[in-house]
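Asks: Just dropping this structure here.
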Amino acid sequence: MRLILLGAPGSGKGTQAALIVKDFGIPHISTGEMFRQHIRQGTPLGLLVRQYIDEGKLVPDDVVVEMVAERLRDKDCESGFLLDGFPRTVPQAQALGRHVEIDAVLNLNIGKELLLYRISGRRVCKSCGDTSHVEWLQGNYGCPCGGEYVQREDDREETVLKRLDVYEEQTKPLIEFYKKGGKLIEIEANRERDDVHLEIKQALSKLKTK
Ligand code: AMP
1 MRLILLGAPG SGKGTQAALI VKDFGIPHIS TGEMFRQHIR QGTPLGLLVR QYIDEGKLVP
61 DDVVVEMVAE RLRDKDCESG FLLDGFPRTV PQAQALGRHV EIDAVLNLNI GKELLLYRIS
121 GRRVCKSCGD TSHVEWLQGN YGCPCGGEYV QREDDREETV LKRLDVYEEQ TKPLIEFYKK
181 GGKLIEIEAN RERDDVHLEI KQALSKLKTK
């Protein structure tokens, strides 16, 4: 199964992606997480992309496309994959289309109020990258892996507003792009995690039996 997960920042892509990859036994390819790992490790790519990310801007298309194309050549992607946070622009989607055929594109639909609540309370483990929320952590910022949950630099209010603008301008047009290609599945994401997951599973099982 070759899948793309679309949705605004804070729509629950990371959370749903973790559940979907378990269901299908496919790798989770999150371009944001790949970049954060490069930044943590201080690689040349990490140094190149850091400023874009901290300012809430998109990393240039050619840089992202090359990183993803290389990742998709790995053996574990042969039986499928889930792309989370990629593509984010129409040129990225066109470039991806030249490399692989996608089975379905899931779009997580969510209202702005819930987005802001989720992003402002989001905390990420500095060591393993796991995501949580201040409401679940209840003052305990220790991760089971031994690391510490902190706020992502780009989750601060000013940057979040910029990221939402970037989403509206550059990423939202992908909904039409994939609708035209007949690949789009709309998911109502203003709900609890497990309800959203169930809807995704049902939609994908229909696809498999077609
Ligand atoms: P995310 O974790 O998906 O919200 O991504 C965090 C940041 O990484 C974004 O705000 C962008 O700066 C950068 N990024 C991740 N994926 C892409 C992409 N496909 N194209 C451009 N920039 C990206």
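For the record, in the sequence shown the residue sitting at position 14 is 14 according to our numbering, with numbers rising by one throughout. Cβ atoms here follow ideal geometry from the backbone N, Cα and C, with glycine treated the same way.
Checking contacts by CB at 8 angstroms: is E135 closer than that to chain C?
Replies: As a matter of chain content, chain C is missing from the structure shown, which is built from one protein chain.
Asks: Thinking C-alpha only, which one of K179, L82 and T89 is nearest K57?
Replies: Closest option to K57, Cα to Cα, is T89.
Asks: Does the segment 179-187 come within contact of the segment 102-114, defined as at least 3 CB pairs closer than 8 angstroms?
Replies: As far as the Cβ criterion goes, the segment 179-187 touches the segment 102-114, which means the pair count is three or higher.
Asks: Is the beta carbon of L82 less than 8 angstroms from the beta carbon of H197?
Replies: Against a cut-off of 8 angstroms, the Cβ pair of H197 and L82 comes out as no contact.
Asks: Drop a sphere of 10 angstroms on the beta-carbon of P87, count the other beta-carbons inside from all chains shown, and report buried for 16 or more, exposed for fewer.
Replies: The residue in question, P87, is buried, as its Cβ has 16 or more Cβ neighbours within 10 Å.
Asks: Can you give me the start and stop residues for the alpha helix (DSSP H) that F24 sits inside?
Replies: From DSSP, the alpha helix (DSSP H) with F24 extends over K13 to F24.
Asks: In this structure, how does DSSP classify C145 when only helix, strand and coil are distinguished?
Replies: Correct three-state label for C145: coil.
Asks: Under the rule that 16 or more other beta-carbon atoms within 10 Å means buried, what is G10, buried or exposed?
Replies: Its Cβ being crowded by 16 or more others within 10 Å, G10 is buried.
Asks: How should R40 be labelled, buried or exposed, when 16 other C-beta atoms within 10 angstroms of its C-beta is the threshold for buried?
Replies: With fewer than 16 Cβ atoms within 10 Å of its Cβ, R40 is classed as exposed.
Asks: When you measure from the CB of P9 to every non-hydrogen atom of ligand 1, does any distance come out below 7 angstroms?
Replies: Under cutoff, so the answer is yes.
Asks: Helix, strand or coil for A104? Go by DSSP, reduced to three states.
Replies: Three-state DSSP puts A104 in a strand.
Asks: Check whether the Cβ of S120 lies closer than 7 angstroms to any heavy atom of ligand 1, and answer yes or no.
Replies: Incorrect: S120 has no Cβ contact closer than 7 angstroms to ligand 1.
Asks: When the Cα atoms are used, what is the spatial distance from L174 to V65?
Replies: Cα to Cα, L174 sits roughly 16 angstroms from V65.
Asks: Pick from D165, T131, Q138 and K75: whose alpha carbon is nearest that of Q16?
Replies: The option with the nearest alpha carbon to Q16 is T131.
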